[in-house]
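In the numbering used here, the protein residues as written are 1 to 185. Below is one structure, written out as structure tokens; comments come after it.
Here it is in structure tokens:
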């Protein structure tokens, strides 16, 4: 069988990604989760038309290949990946390029001034926290703190009303929530 000339082949796009997770994620687990989310969102036929392939993945950064007309569907699939092997996971698309070299040079080799996640100071203890979000400010006492999570007991009557309606006791804040937000210690 003859190989198709480049003019007749389908065009691909390459998405440079950054993966943030609670722990180390093996490449195979990430591929399985992406393909599972694609099949869940678009079905088997839709996910096979996308042509998703993880070309490289090192140090929580990688390149995903997809069909040129399926870039937005691929972004949607990456957005719904929330856990991998029980660990919370976020996949951020750094950029899209027409070649692997372009994606690597533009998005993976450049030094990102904005870190994907804020560095956590291990020696600092937080007693109270004030967080500014889109709907207002939430302040209160920190009840529990793990590596990437904070449980916040609010003092605000409006926030307490929201908690009571949802049958929860605390606001759960993660490093994903506090990126680019103001936190008073």
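Glycine included, each C-beta is placed from N, C-alpha and C at the ideal position.
*Among 6, 55, 104 and 36, which has the Cα closest to the Cα of residue 95?*
If you number the chain shown from 1, residue 95 lands on position 95. Comparing Cα-Cα distances from residue 95 to each of 6, 55, 104 and 36, the minimum goes to 104.
*In three-state DSSP terms, what is residue 81?*
By one-based count along the chain shown, residue 81 stands at place 81. Coil, per DSSP.
_DSSP three-state label for residue 51, please._
Mapped onto the chain shown, residue 51 falls at position 51. Coil.
_Burial state of residue 89 (16 or more Cβ within 10 Å)_ = Mapped onto the chain shown, residue 89 falls at position 89. So residue 89 ends up on the buried side.
*Under 8 Å, do residue 173 and residue 159 count as touching if we go by C-beta distance?*
Working through the chain shown from its first residue, we reach residue 173 at position 173. Working through the chain shown from its first residue, we reach residue 159 at position 159. In this structure, residue 173 keeps its C-beta atom at 8 Å or more from the C-beta atom of residue 159.
_Checking 8 Å against the spacing of the C-beta atoms, do residue 68 and residue 23 come in under that value?_
Taking the first residue of the chain shown as 1, we reach residue 68 at position 68. Taking the first residue of the chain shown as 1, we reach residue 23 at position 23. Not closer than 8 Å, so no.
*Inter-residue spacing [alpha-carbon to alpha-carbon] between residue 21 and residue 61*: By 1-based counting over the chain shown, the position of residue 21 is 21. By 1-based counting over the chain shown, the position of residue 61 is 61. Distance between the alpha carbons of residue 21 and residue 61: 12 Å.
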